[in-house]
Every structure is written in structure tokens, then in C-alpha cells.
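Chemist: One structure is given below, represented as C-alpha cells, and several questions about it will come after.
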């Protein structure tokens, strides 16, 4: 452990000087009934008791008890109050970073109503204060802060990619004037991207560009700030999260776009739409929506025409936790798929009861937990297998990555697609 | 007022003041503040948090563990009735024979539930690893209080011991997890606020998802 009492003191202050009604409430609410166990994919796949969500809460509440309550200060044995030491820090890193995808499934099923993932994030914040964020996850945050996007893509490389995507778009829609606009002011939409798109999945950018073209949308991308992700949300370092969020906020103001449309990225959507205003402590003077809502809007308003016969294969949907359970986008993706595909079937369970794919909470960045991440994916694998679908659609690039790995490891033989790709495949250009 | 009533009254006041401290601390910390743009309905979501979201058919913690969940509900019902009866006994309010019989039945079931929950915590590895002394003491002290309530419903001469037991419960309540008698409501409120702000709650039925 880093020998730094001031860091420990700062971590304890997160609990002892908390002015957060919600945190104080949830730290005092768990009754250790253990009924949350079966809601957690880590416990379900390993049956290891240390992964029970209540045990994760207990790591933080035991510190709260020790340093912030009469009983814990004077009779620590009674409530299991613990000192902040090397042993508990190791447990916290392993269980709060390495064994929680922040999927929030346990919150909904907690018999009391403890927001378990909120408490886990408070624990991650304490670890962040003490410098115990796994280096692999922190490096993703550092890349975003230092280069403007979490994959450190140079601007030239980004614009080159967009340039050939624009050529492809012109060929596909047979219009030499079709374009992917860059840094245009006063548009209706500033569209963001997950940096995985220009780096690994450029076809999802093409798909969205084709949709914008079909909808005759006035939109733009920014070359200086397009990254929808904010991995500092996962490290719970609010100062770093604020830096990243402020860049996109400022870009919106600079380009004077009316709406910020967040690419298909679960945590990115959550981080900018729901968390960023709180990081920055101000309400945004522009609208922030997800591309899922935008696609549903285009279809319902007749701005794009779809022929669902163009998507003949059976499609199932994986609900990204941050978008659905933590973001309230529940119906739109179903509406889109029913209009864009011939045969859409649900997994069981689905919607707000869905199981995480295993890639959330920063797990995809933390390679030290890869084995565990693929173990917890067994549940999603079985869900997909039972549907018999040929395509798994998901509006989240993190989930896309994890689902591709699931497909490879468990030989599912499915294709993984974003919603934009499925909609673009069904578009009828007039 | 007898000495044992006085002891239980003092214990109750200490308990009440301690819980009031917790309550007013939460009030002082204020309601949640969220700068993001609300898309849902807070009132209906908070209501849902206390009603529909507690529906055992919608909670895995309930429908996957029906015996434990049922025992928990009965146990908490018994606890609530015991607290009400404490005041009736304290003010020497007489109960009808029929009501006594009903309460005796309820308290027997509730007491058995409490003992069952205690045994489960003791015997299940998953729960033992999760438990600390407070979990056992809280369970025991409430169960004993319920059993003493039951005995008093049979045998009024037991009342001095009953009030001493009540005093112990009241003194212990603010120290450990029994505080959830207050924090439970705050937790449900916060959960309702959180999901309501984002239009996750109230949940639409699957048939409503088009």
C-alpha cells in the first residue's frame, strides 16, 4: 500500500464529510439479507460469496461504520466496522473494480432499495483518491484527457478515415454531394462517436451518415471533440470526469448546435446526458439525446423510410445497462427493430431486467480481469443461444466488443450489429 | 407509573431522540439535486418505489426466495404490531378477547418467522459470511420482544419483564442495523427519485412496450 496517510484521510473524508443525503442513506440501509446475490452475474456464474452485492456494499459501509458512527468508533466488533488498511484496500480494488460492472441490476431487486452501484461508485471514488485505480483503466482516462479521445487517435488519422468513409457514402447513395460534415456551425445536430468507431468499426459511422443523408438532416461531426465516452465515470474521479465532460459541452457551445446526439454507447450516454450536468454543476442550454431516440424519431416522423424485408435474419436485442436500466431508453430500440427487421425476438429476461454482457463498469479496459469477464459472460451467452437469433443488435460499442468476444469464445455463430447498421441496411432511399 | 414502565419510557425517548437525530440529519442534507434534464415523473416513480416496485412478482429477491420473503413480511408485520401493542400496554388499554386471539395467532406466526430467519442466518454459509454480531443481536432482540409480547397477551403478570425487554430493544435500536426502520423509507425515496428522473420507473408492463 502506498504509505500516504493524507490520501487515506482524503478517502475517509468522502464518507465522513459527505453532504450527500443519498450516500448517507444507502450506507445505513443494508440489512445483510443476502437476497441480492442472485441478481449479480458474478455470483450467479461463480457462486463465490465474496461477489454478493451486499458484501461489496459492506466493504464501504464497514469503513463508514468505523469512522463515522458512534457504534463503529467505540464497539467496532458489533457492526463489523473495519480500519482502512492494506487488506481492505486490496479487497476493495478486487471487488469494486474487478467484480462489478455497475450494471445496477442488484439495485432494482434489493429488498430494501439500496442503490448498490452508487455505493460501489463511492468506494471507487475512495480508491481513486488513494491512487488505487487499476492502471489499465486509468490509462484510458489519461489518453482521453491528454489527446482528446480515449484511443489517442490523431486528428489527421480521424479526418483521413472520415474522408474515405465519405467517398464510400457517395458511392452507396449515388450522390456526389453526399457528405460527412466536419466542424460546421449552427447545425441541428452535433453527432458524437465512440473512438472505437473510427478505429475499429468505421461501418457504424457510414451507417449513421447514410441515415442522416436519408433524413436530410443538418448535422456535423467535430474533429476536435467527438469522443462520447468518459471513462472517468468508471474511476469515479469527478475532477477528471469534469474535464472530459466540459470539452464536449464547450464544443457544443462553440459549434452552436441545437442538439447533442450521443452515439451508441451506454456509459457515454449516461456520462454526458445524466452525469455531466452534475459534474459541471449546471443545466445544459441544449438538448442531449441518444442516437437511439433520434432513430426512433426519424422512423415515427417518416423522415426515413425502411423496408424490413431487407433485414430477413432473426435479430435479438441486447439491452445495454447504462442506456436501459440507468437511462430510461427502453421502448425506442424495440420500436426501431420492429420497423427495421422482419423477425425480432426478445431475450429472456430483457429490458430493465436484462443481464449485463459483462463488459460494463470499465471491465473491457481492465485486462487483468479478462478471465473473470469472460466467465460472467456465460449468462449472456446462454440468453443469446436460447433465442436462436442470427444477429444480436445492441446500441452500445462496449457491448459490441464484449459480444464479439463472447461470440468468438463460445462459438455462437452470430453477427453483432449496432442499431444504426440495422437501420441503414433497411433504408429505402427516395 | 411503575418503575418498569418508567424505564421503558426513558428508553423509548432515547430511541426516539436518536432516530430524530438521523432523520433531521437527512433533512438538513436536503433533497437530491440533479442538474440533468428530467424526462420522467418523480411523484409517480416515488409512489411506484413504495408500491409496485415492492410487488413480490417484480423483485427477484422476493420471487426467487418466497419462503424467506414471506417470513420477512410476517416478521416485520409482527414487529409493527408489537410496537403498537407496547403503547396499548403502556397506557393499559384493554383488548377484547377476540382481538387478543387474533393477535396471539399473528404473533405466533411472526415469532416463528423471526426464529426461522435467525436459523437461516446461522446455518447458511452465504449469510454467515455476510453477518456481523449486530445482525444476530438485532434479529434476536426483536424476536424475543415479539415472544414477550405474545406471552403478555396470554399472561399479564409477565408485564414487568416485557417492559424491561422493550427498554433493551429501544436502547439497542439506534446502534445497529435496526436503524433501517428509518433509513428504509429514505432509501426507497432515493431509488424512486433516481429512476423517476430518468423515466425508468414506474415500469410499464411488457405488453406496453411497443
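Chains as they are written, first to last, in my numbering: chain A, 1 to 430; chain B, 431 to 640. The beta carbon of each residue, even a glycine, is placed where N, CA and C say it ideally should be.
Since residue 490 of chain B meets chain A, which of its residues come closer than 7 Å, beta carbon to beta carbon?
Modeler: Chain A residues near residue 490 of chain B: 38, 39 and 109.
Chemist: Taking buried to mean at least 16 other C-beta atoms within 10 Å of its own C-beta, is residue 638 of chain B buried or exposed?
Modeler: Because the pLDDT at residue 638 of chain B is just 44, under 50, the model does not fix this residue reliably, and the point stays unresolved.
Chemist: With residue 427 of chain A as the anchor, note down where its beta strand (DSSP E) starts and where it stops.
Modeler: Note, residue 427 of chain A: premise wrong, no beta strand (DSSP E); not H, not E.
Chemist: Under a CB-based cut-off of 8 Å, is residue 1 of chain A close to chain B?
Modeler: Model confidence at residue 1 of chain A stands at a pLDDT of 47, short of 50, so the residue's coordinates are unreliable; what they give is reported in the following sentence. So no, residue 1 of chain A is outside the interface.
Chemist: Please confirm whether residue 25 of chain A and residue 456 of chain B have their CB atoms less than 8 Å apart.
Modeler: Yes; because the gap between Cβ atoms is below 8 Å, this pair is in contact.
Chemist: Does any C-beta atom of chain A lie closer than 8 Å to the C-beta of residue 617 of chain B?
Modeler: Yes, contact with chain A.
Chemist: Taking only the alpha-carbon atoms, compute the straight-line gap between residue 149 of chain A and residue 329 of chain A and give it to the nearest angstrom.
Modeler: Answer to the nearest angstrom: the Cα atoms are 25 Å apart.
Chemist: Keeping to the same chain, check which residues put their C-beta closer than 6 Å to that of residue 469 of chain B; ignore five residues upstream and five downstream.
Modeler: Counting only Cβ-Cβ distances below 6 Å, and skipping sequence neighbours, we find 629.
Chemist: Cβ atoms of residue 614 of chain B and residue 441 of chain B: under 8 Å apart, would you say?
Modeler: Result no, Cβ atoms of residue 441 of chain B and residue 614 of chain B do not sit closer than 8 Å.
Chemist: Could you check whether residue 188 of chain A and residue 218 of chain A sit closer than 8 Å to each other, using their CB atoms as the reference points?
Modeler: Against a cut-off of 8 Å, the Cβ pair of residue 188 of chain A and residue 218 of chain A comes out as a contact.
Chemist: Taking 8 Å as the CB-CB limit, is residue 624 of chain B close to chain A?
Modeler: True, the Cβ-Cβ gap to chain A drops below 8 Å.
Chemist: Can you check DSSP and say which residues form a bridge with residue 343 of chain A?
Modeler: Partner(s): A:314.
Chemist: Return no unless some Cβ of chain A is closer than 8 Å to the Cβ of residue 620 of chain B.
Modeler: By this cut-off, residue 620 of chain B is an interface position.
Chemist: Measure the C-alpha to C-alpha separation of residue 220 of chain A and residue 119 of chain A and round it to an integer number of angstroms.
Modeler: Rounded to the nearest angstrom, the two C-alpha atoms are 38 Å apart.
Chemist: Need the endpoints of the alpha helix (DSSP H) that residue 287 of chain A sits in, please.
Modeler: Not the alpha helix (DSSP H): residue 287 of chain A falls in the beta strand (DSSP E), residues 287-290.
Chemist: Is the distance from the Cβ of residue 539 of chain B to the Cβ of residue 487 of chain B below 8 Å?
Modeler: Contact: no.
Chemist: Does any CB atom of chain A fall closer than 8 Å to the CB of residue 610 of chain B?
Modeler: For residue 610 of chain B, the answer is yes, since a Cβ of chain A falls inside 8 Å of its Cβ.
Chemist: Quick check on this structure: which residue in A:408, A:258 and A:49 has the alpha carbon closest to the alpha carbon of residue 557 of chain B?
Modeler: Of A:408, A:258 and A:49, the residue nearest in Cα terms is A:49.
Chemist: Which chain A residues are close to residue 670 of chain B, counting only those with a beta carbon under 8 Å from its beta carbon?
Modeler: Here chain B comprises residues numbered 431 to 640, so residue 670 of chain B is not present and cannot be evaluated.
Chemist: Around the C-beta of residue 190 of chain A, are 16 or more other C-beta atoms found within 10 angstroms, so that it is buried, or is it exposed?
Modeler: So residue 190 of chain A counts as buried.
Chemist: Which stretch, first to last residue, makes up the beta strand (DSSP E) that contains residue 189 of chain A?
Modeler: Segment 189-191, the beta strand (DSSP E) holding residue 189 of chain A.
Chemist: Which class does residue 338 of chain A belong to by DSSP, given the choice of helix, strand or coil?
Modeler: Of the three classes helix, strand and coil, the one that applies to residue 338 of chain A here is helix, per DSSP.
Chemist: Run through chain A and tell me which residues come within less than 8 Å of residue 498 of chain B, C-beta to C-beta.
Modeler: Near residue 498 of chain B (Cβ distances below 8 Å), the residues of chain A are 33 and 35.
Chemist: Can you tell which of B:563, B:632, B:625 and B:484 has the C-alpha that lies nearest to the C-alpha of residue 112 of chain A?
Modeler: Comparing Cα-Cα distances from residue 112 of chain A to each of B:563, B:632, B:625 and B:484, the minimum goes to B:484.
Chemist: Residues of chain A with CB closer than 7 Å to the CB of residue 556 of chain B, please, in chain order.
Modeler: In chain order: 34, 37, 49 and 52.
Chemist: Is the separation between the beta-carbon of residue 180 of chain A and that of residue 130 of chain A shorter than 8 Å?
Modeler: Not closer than 8 Å, so no.
Chemist: Mind pulling the chain A residues with CB within less than 8 Å of residue 459 of chain B?
Modeler: Those are 19, 20, 21 and 24, listed as they occur along chain A.
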